[in-house]
Amino acid sequence: MKLKTTLLMLMFSVAALAQFTTEAIPTGYYNSATGTGYTLKNQLRTIITNGHNPQSYTTGLWNLYSTSLRDNFYENDGSLLDIYSENPTGIDPYNYTSTSQQCGNYTTEGQCYNKEHLIPQAYFGNGAMPMYSDAHHVVPSDGKVNGWRDNLPFGVVSGTVTNGCNAGATNTPCKTLNNSKIGNNLNSGYSSGFSGKVFEPIDEFKGDIARTFFYFATRYQDDMDDFYSAAANTLEVKAMFDGSTNKVFSTTFLNIMLTWHANDPVSPKEVAFNNAIYNFQGNRNPFIDHPEYVQSIWGTPAGTDTFDISTKVAVYPNPATSNTVNISSEVEITSLRLININGQIVSSIQNPVPDSGSVTLSNLPQGFYILTINTAEGSAVKKVLVN
Ligand SMILES: [Ca+2]
Ligand SMILES: [Ca+2]
């Protein structure tokens, strides 16, 4: 009986290890991301620019959508995963299952899908490469909703929304079939400072969109001032930006993005899509791999005192190289505990170097570990692979 249990545990562990390994970040990918703040942002820009091999807007993106950006997470039916029509808590209003449903003409929702630039083309120049075909921000979406979103900033729609959108979405505030909303921004709370028209995605995808904007603001940071000055002053999305190459965002929209990032943490869908896009075009979204980088670069949302502690600690590189793993934290670490695959405590440290904010564990045997990091503000648990 005991042998059987051990065997089962071992099989489970091997399965968990295999899954973890296939989804891991390539060894060394973030080795040069050693700084904090805008220094870190510059380092990330170099990492995700090197290796970015832009693919074609037509066959390339269509193929990616057909093969990889599928619903293996909600209905789990392999249909296209469209953030503007997915209903995570019920039946989707419609589904796209065939390449014959690529747009095409449409008059209502559910007729065909095309490609939505989450950072609108009009902002960076219609057709300008490599932004035009960058799969990290060009996502499949229903044609009609894509048209409604147009060049609107993302934001928080004010008031109760009961109307479905009419053909031109002129009856704002109104909502799409999956309850994405169009209307005037709520000029209070975390979205205060703007009262123009915005598009609000459903909660499930708010963090996904924020991390996409953080990617774009990093990958194309050197061009963000030029985009801003070239964009027409009537272009609505311009309200999200401030024309700088470091901060990139206006204060209001940075606060919205930071809040969405904190409230909607990285999901398995984002991890899977980040890996698929890495295979497709050779670069990654660092803010999916390392959500804590957002806070290091841009800080925390205004008025937020408490945060999920897992965003305040970083474990790198992971998988660990040279049998060494580093742990950094923005809050004082009170203790650490590293447990191996057999449940044995490999390392247990009290009050490790409280002032430097960084701890190194060396001479670790190869294997899979669970690392528990206790801080004054709470605990975080991280998986660590040493290979
Ligand atoms: Ca679905
Ligand atoms: Ca999400």
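For reference, each letter of the sequence shown is one residue, going -1 to 385 in the working numbering. Note that the Cβ used here is the ideal one computed from N, Cα and C, for glycine as well.
Residues P171, K173, K179 of the same chain have their beta carbon placed closer than 6 Å to that of V159, with the five preceding and five following residues left out of the count.
Secondary structure within the region 240 to 304: not one fully enclosed beta strand (DSSP E) run of 3 or more consecutive residues is present. Here I180 carries a strand assignment [DSSP, helix/strand/coil]. For S178, the CB stays at least 7 Å from every heavy atom of ligand 1. For the 8 Å CB-CB criterion, A22 and P299 do not form a contact.
Buried is the label assigned to G141, since at least 16 other Cβ atoms lie within 10 Å of its Cβ. Between L334 and S326, the beta carbon gap of about 12 Å keeps them out of contact (Cβ cut-off 8 Å). Remark: C-beta atoms of S193 and N177 do not approach each other more closely than 8 Å. For H135 against T210, the beta-carbon gap comes to about 5 Å, under 8 Å, which counts as contact.
L252 and W296 do touch by the CB rule: their CB atoms are close to 6 Å apart, below 8 Å. Where T32 is concerned, there is no enclosing beta strand (DSSP E), because DSSP gives it neither an H nor an E.
Restricted to the region 109 to 158, the alpha helix (DSSP H) segments that are unbroken, complete and at least 4 residues in length are 119 to 122, 141 to 147, listed in chain order.
In the three-state DSSP reduction, G49 falls in the coil class, being neither helix nor strand.
Taken through DSSP and simplified to helix, strand or coil, K236 comes out as helix. Looking from the CA of A274, the closest CA among L62, T44, Y55 belongs to L62. Taking 8 Å as the upper bound for CB-CB distance, K310 and Q293 are in contact here, some 7 Å apart.
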